[in-house]
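*Asks:*
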């Protein structure tokens, strides 16, 4: 109901699907605790459980950055096609 | 732990504390605006902060005594279960990437300073707006209380706090003093004080973490040794419960708890008035998105700090109150002067967020309770004065939490606040994306969530406490143990959705929506977007 009425490019595009995947991936990875609740393999003595989650800090940062860049490009493309750039 | 006062550490600590206090008073002059008596000015720093200041400001209130004291203490006490704070902070960023820019835009179009402002404008409901405001103020208090517990832990370890035998006034005197300083400079400088001090705080913290994470493991013989010792310690049976004390990886039974704690906390964080304050004081919506890509640096820090909990075990730290584990570790491991620096980092790291939180709660009260219900024709000066007074009262409320509640599991303060604040999520985030929800359904959902959450939390007993002893409880219908906040949130959403269908069917009045779809995507420079002093805020007309 908050959609703008004017004609504009389709709301769902491949780029936007990729953005959504980038943003959803950390949720899947982190909430699936069973996938990483173990000690081995350790990394410099740190159990898997801990270093894996810290690694995900970096992975999710990278994913958010990708989403940000793609979003910027998406908005620019829409801006040149005329009409309001809507989210 | 009370082996006398650590003079050098205390000296260094006091030096930094004084330096920061002076900074706080000077901050009033920093980037001074023409109208210092407006609430916008005192409460949002004039809404002119760029990426880096916003980053420090957000970091300043996201990473707090929670990070340094409560999380490592939870890990010290129970192992893996306390590490949920890391996935929690990971999940925040994709989440805010999606909705905060929309909130920024609509707020700058309509001059909203608080979440309640938005909810009232969007749903045309004063009742819903009041509910959001009250929840925000209530939930902020235990969170501020956690900061005070952090400062208290540091003072205790330095030997200032007095032992169990001294009377309560002597014991809590340093706490009250620290509290007084905080109150005074927040009162005079508003948001500018914490923003400037956040630079000092973060610099200190980075230095301390870098040193701690390299120096302490080397001293303790590497991570292999640390985790071997921690594993042994956790395997021992806890006489109070008859079960092992903790684990290095969560057992099957603890995984639901782990996931729901992480998810619930992540959803809750940006409902807090103070996180919203920091967001709205940024210059543009781009600043916010850009920030979501650099803020995770703090999460890394949080993970590393969490590992300190294991180091405290390996170093043989034995404290009756888990909150003292990390300060005690610093005192044992570091030379006295650097322990002082570390204590200052923790102390200031608790002070800054406490200031930001109390300002945000005060803004909420003034705009959405005082102005809406008590004195609709308040002048700008009156508004600012009320805000300043309320910011003091909120801190006093927090002090009450500290002095009356059990402090051995400080992380529960934050989780209790989370249970409450999470119940405003459907109205706020739901409202940012759709007008489908009915305002009365949202109010009913909120009420159900609040009541369930409070009752469930009240019913949790711990070895030291009869009520409010924890934040996890069996999830009805699933049978696993989960975070009460998440369960209450799900209930809240269910009630909201069902009642929305019902209310729409009987054509209950929807209320007036004063926003339009393009309000949610406007950026700085777009027509109608006020960067500073929007007309809806009193004081702009002077």
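Residue numbers (the numbering used here), protein chains in the order written: chain A, 24 to 110; chain B, 192 to 733. Where a beta carbon is used, it is the ideal one built from N, C-alpha and C, also for glycine.
Just the chain B side, please: which residues come within less than 7 angstroms of residue 49 of chain A by C-beta, in chain order?
*Replies:* As a working mapping, residue 49 of chain A is identified with position 26 in the first chain. Here the neighbours are 281, 282 and 285.
*Asks:* Would DSSP call residue 662 of chain B helix, strand or coil?
*Replies:* Working through the second chain from its first residue, we reach residue 662 of chain B at position 471. Coil, per DSSP.
*Asks:* So residue 608 of chain B is in the alpha helix (DSSP H); what residue range does that whole segment cover?
*Replies:* The sequence position of residue 608 of chain B within the second chain is 417, counting from 1. Counting along the chain, the alpha helix (DSSP H) containing residue 608 of chain B begins and ends at 602–612.
*Asks:* To the nearest angstrom, report how far apart residue 527 of chain B and residue 201 of chain B are at their CA atoms.
*Replies:* Within the second chain, residue 527 of chain B is the residue found at index 336, counting from 1. Within the second chain, residue 201 of chain B is the residue found at index 10, counting from 1. Each residue's Cα considered, the two are about 9 angstroms apart.
*Asks:* Spatial neighbours of residue 90 of chain A within its chain, please: C-beta separation below 7 angstroms, excluding the five flanking residues on both sides.
*Replies:* Here residue 90 of chain A refers to the residue found at position 67 of the first chain. Hits under 7 angstroms: 42, 45 and 46.
*Asks:* Take every Cβ of the segment 696–704 of chain B, pair it with every Cβ of the segment 639–654 of chain B, and state whether three or more of those distances are shorter than 8 angstroms.
*Replies:* Contact between the segment 696–704 of chain B and the segment 639–654 of chain B is absent, because fewer than three Cβ pairs lie under 8 angstroms.
*Asks:* From the DSSP output, in three-state form, read off residue 108 of chain A for me.
*Replies:* Within the first chain, numbered from 1, the residue matching residue 108 of chain A stands at position 85. The pLDDT assigned to residue 108 of chain A is 41, lower than 50, so where the model puts this residue is not dependable; a value taken from the coordinates is nonetheless given after this. Residue 108 of chain A: coil per DSSP, three-state reduction.
*Asks:* Identify the contact partners of residue 277 of chain B in chain A, using a Cβ-Cβ distance below 9 angstroms as the criterion.
*Replies:* Position 86 of the second chain, counted from the start, is the residue given in the question as residue 277 of chain B. What residue 277 of chain B touches in chain A: 53, 73, 76, 77, 79 and 80.
*Asks:* Among B:363, B:419, B:717 and B:332, which one has its Cα closest to the Cα of residue 345 of chain B?
*Replies:* For the purposes of this step, residue 345 of chain B is taken as the residue at position 154 of the second chain. Residue 345 of chain B has its Cα closest to that of B:363, out of B:363, B:419, B:717 and B:332.
*Asks:* Exposed or buried, residue 55 of chain A, counting other C-beta atoms within 10 Å across all chains shown (16 or more means buried)?
*Replies:* For the purposes of this step, residue 55 of chain A is taken as the residue at position 32 of the first chain. Residue 55 of chain A should be labelled exposed.
*Asks:* Among B:626, B:674, B:712 and B:375, which has the Cα closest to the Cα of residue 695 of chain B?
*Replies:* As a first step, residue 695 of chain B must be located in the second chain, where it is residue number 504. That would be B:626, whose Cα lies nearest to the Cα of residue 695 of chain B.
*Asks:* Mind checking if residue 57 of chain A is an interface residue toward chain B, Cβ cutoff 9 angstroms exclusive?
*Replies:* Position 34 of the first chain holds residue 57 of chain A. True, the Cβ-Cβ gap to chain B drops below 9 angstroms.
*Asks:* What residues of chain A sit near residue 406 of chain B, judged by a beta carbon separation below 8 angstroms?
*Replies:* Numbered from 1 along the second chain, position 215 holds the residue referred to as residue 406 of chain B. By Cβ distance, chain A contributes nothing, its closest Cβ being about 16 angstroms from residue 406 of chain B, past 8 angstroms.
*Asks:* So for residue 375 of chain B, helix, strand or coil by DSSP?
*Replies:* Here residue 375 of chain B refers to the residue found at position 184 when the second chain is read from its first residue. Residue state, collapsed to three classes: helix.
*Asks:* Is DSSP giving residue 326 of chain B helix, strand or coil here?
*Replies:* The residue labelled residue 326 of chain B in the question sits at position 135 within the second chain. Residue 326 of chain B falls in the helix class under three-state DSSP.
*Asks:* DSSP on residue 66 of chain A, reduced to helix/strand/coil?
*Replies:* Stepping through the first chain from its first residue, residue 66 of chain A is reached at position 43. Looking at residue 66 of chain A - three-state DSSP - the assignment turns out to be strand.
*Asks:* Is the segment 561–578 of chain B close to the segment 590–605 of chain B, with three or more CB pairs under 8 angstroms?
*Replies:* No, the segment 561–578 of chain B does not touch the segment 590–605 of chain B.
*Asks:* Could you name the residues of chain B that residue 46 of chain A contacts, counting a contact when the two beta carbons are closer than 7 angstroms?
*Replies:* Within the first chain, residue 46 of chain A is the residue found at index 23, counting from 1. The answer, in chain order, is 285, 288 and 289.
*Asks:* Using a beta-carbon distance below 9 angstroms, is residue 100 of chain A in contact with chain B?
*Replies:* Working through the first chain from its first residue, we reach residue 100 of chain A at position 77. No, no contact with chain B.
*Asks:* Between the beta-carbon of residue 663 of chain B and the beta-carbon of residue 333 of chain B, is there less than 9 angstroms?
*Replies:* Here residue 663 of chain B refers to the residue found at position 472 when the second chain is read from its first residue. Here residue 333 of chain B refers to the residue found at position 142 when the second chain is read from its first residue. No. Outside cutoff.
*Asks:* Quick check on the burial criterion: 16 or more other C-beta atoms within 10 angstroms. Buried or exposed for residue 500 of chain B?
*Replies:* Taking the second chain and counting its residues from 1, the one referred to as residue 500 of chain B is at position 309. So residue 500 of chain B ends up on the buried side.
*Asks:* Is the segment 315–324 of chain B touching the segment 505–519 of chain B, taking contact as three or more C-beta pairs under 8 angstroms?
*Replies:* No contact exists between the segment 315–324 of chain B and the segment 505–519 of chain B.
*Asks:* Rounded to whole angstroms, what's the CA-CA distance from residue 192 of chain B to residue 510 of chain B? Just pull it up for me.
*Replies:* Translated into the one-based positions of the second chain, residue 192 of chain B becomes position 1. Translated into the one-based positions of the second chain, residue 510 of chain B becomes position 319. Confidence at residue 192 of chain B is low in this model, with a pLDDT of 42, below 50, so the placement of that residue should be treated as unreliable; the coordinate-derived value is given next. Computed Cα separation, rounded: 8 angstroms.
*Asks:* Quick one: residues in its chain with C-beta nearer than 7 angstroms to the C-beta of residue 83 of chain A, no 5 flanking neighbours on either side, listed in chain order?
*Replies:* Translated into positions along the first chain, residue 83 of chain A becomes position 60. So the list reads 49, once near-sequence residues are dropped.
*Asks:* Do residue 556 of chain B and residue 537 of chain B have their beta-carbon atoms positioned less than 9 angstroms apart in this structure?
*Replies:* Numbered from its first residue, the second chain carries residue 537 of chain B at position 346. Numbered from its first residue, the second chain carries residue 556 of chain B at position 365. Against a cut-off of 9 angstroms, the Cβ pair of residue 556 of chain B and residue 537 of chain B comes out as no contact.
*Asks:* Any Cβ of chain B within less than 9 angstroms of the Cβ of residue 36 of chain A?
*Replies:* One-based indexing of the first chain puts residue 36 of chain A at position 13. Cβ-Cβ to chain B under 9 angstroms: no for residue 36 of chain A.
*Asks:* Tell me, please, whether the CB atom of residue 33 of chain A is closer than 9 angstroms to any CB atom in chain B?
*Replies:* Here the question's residue 33 of chain A lines up with position 10 in the first chain. It does not; no Cβ of chain B falls within 9 angstroms.
*Asks:* Could you give the DSSP three-state label for residue 717 of chain B: helix, strand or coil?
*Replies:* Sequence index remark: in the second chain, residue 717 of chain B carries index 526 (1-based). Residue 717 of chain B falls in the coil class under three-state DSSP.
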